[in-house]
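Enquirer: Got a structure here, written out as structure tokens. Questions coming.
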Amino acid sequence: MASSVTTTIFAACFALMIMMVAAHEGHEHTPGMVMSPEPAASIGNLVSPTTVIGFLALIVTILVARVKV
14 MASSVTTTIF AACFALMIMM VAAHEGHEHT PGMVMSPEPA ASIGNLVSPT
64 TVIGFLALIV TILVARVKV
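In the numbering used here, the protein residues as written are 14 to 82.
This is the structure we're talking about:
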């Protein structure tokens, strides 16, 4: 029982880490950084790379949790 809980928590933390990395896509934390120009019109939220990576992480987490539980 404890092993399945540990695996589920690890999978959730891993998915969260993937989503955080995807959210910082193209983002640099340098002092005095020159701001980039405003992005062009959005191609849509469902086809952006960040959304795709987030959904993929969520699906993998659900599949791992389903197998382990």
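Don't be surprised by glycine CBs; every beta carbon is placed ideally from N, CA and C. All values reported here derive from a predicted model rather than from experimental measurement.
Note down, in chain order, each residue of its chain lying with its Cβ closer than 7 Å to the Cβ of Ala24, except the 5 sequence neighbours on either side.
Expert: Same-chain partners within the cutoff: Thr74, Val77, Ala78.
Enquirer: So the candidates are Ala35, Ala28, Leu29; which of them puts its Cα closest to the Cα of Ile62?
Expert: Position check: residue 62 holds Pro in this sequence, whereas Ile was assumed. Answer by Cα proximity: Ala35.
Enquirer: When you compare the CB positions of Ile22 and Ala70, do they come within less than 7 Å of one another, or not?
Expert: No, the Cβ-Cβ distance between Ile22 and Ala70 is not below 7 Å.
Enquirer: Give the straight-line distance between the Cα atoms of Ile17 and His37, rounded to the nearest whole angstrom.
Expert: Checking the sequence shown, residue 17 turns out to be Ser, not Ile. C-alpha separation (whole angstroms): 31 Å.
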